[in-house]
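Visitor: Residue numbers (our numbering): -14 to 137. All residues carry an ideal CB built from backbone N, CA and C; glycine is no exception.
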């Protein structure tokens, strides 16, 4: 297990490097900030696998909770009412992985828990890197008024 727990001031990041032919099996993250909603959107996870940046995503979106802590549990993510967020995606790498947690917000962010659990992985010709990105769409019309809310 690799831990990145600590405090990050605005504009800074914390980072850890993991060497070897491994795979991230689980990530546990818990953030504390005066404005948690803002922190969930402006705390960015960046993963660089073997020199390829394949993850760039706000923490809340990465764990499927968005900018508010909303308890949920899926096959790949879990969020509880206390703000504990976990992911279970398999993220293999051949030689090394660099994990950065950026604070692009306007407040200090405390990473109460930031654990990365890895295990060995047999990299082969069918192996692929895990990818996750974020794209925000604003001002989309949903046409809610044209959709019947009751069966016709």
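#1: Take every Cβ of the stretch 38 to 49, pair it with every Cβ of the stretch 97 to 105, and state whether three or more of those distances are shorter than 8 Å.
#2: Within its chain, find whatever has a CB closer than 8 Å to the CB of residue 114; leave out the 5 residues flanking it on each side and keep chain order.
#3: Contact check, residue 29 vs residue 89 under 8 Å by CB: the rounded distance?
#4: What does a CB cutoff of less than 6 Å around residue 112 pick up in its chain, not counting 5 residues either side in sequence?
#5: DSSP beta-bridge partners for residue 19?
#6: Do you know offhand how far residue 52's Cα is from residue 23's?
#7: At 3 residues or longer, what runs of the beta strand (DSSP E) sit wholly inside the stretch 52 to 113?
#8: What number of angstroms, rounded off, separates the C-alpha of residue 13 from the C-alpha of residue 71?
#9: Could you check which residue in 95, -5, 68 and -14 has the C-alpha nearest to that of residue 8?
#10: In this structure, does DSSP put residue 32 in helix, strand or coil?
#11: Short check: CB of residue 81 to CB of residue 0, under 9 Å?
#12: Quick check on the DSSP output: the beta strand (DSSP E) that includes residue -9 runs from which residue to which?
Guide: Reading from the atomic positions:
#1: no
#2: 34, 35, 37, 39, 76, 77 and 78
#3: Correct: roughly 6 Å between the Cβ atoms.
#4: 77
#5: Residue 19 pairs with nothing; no bridge assigned.
#6: 7 Å
#7: The qualifying runs are 62 to 64, 70 to 72, 76 to 78, 81 to 88 and 94 to 105.
#8: 5 Å
#9: For residue 8, the nearest C-alpha among the options comes from -14.
#10: strand
#11: no
#12: The continuous beta strand (DSSP E) containing residue -9 extends over residues -9 to -7.
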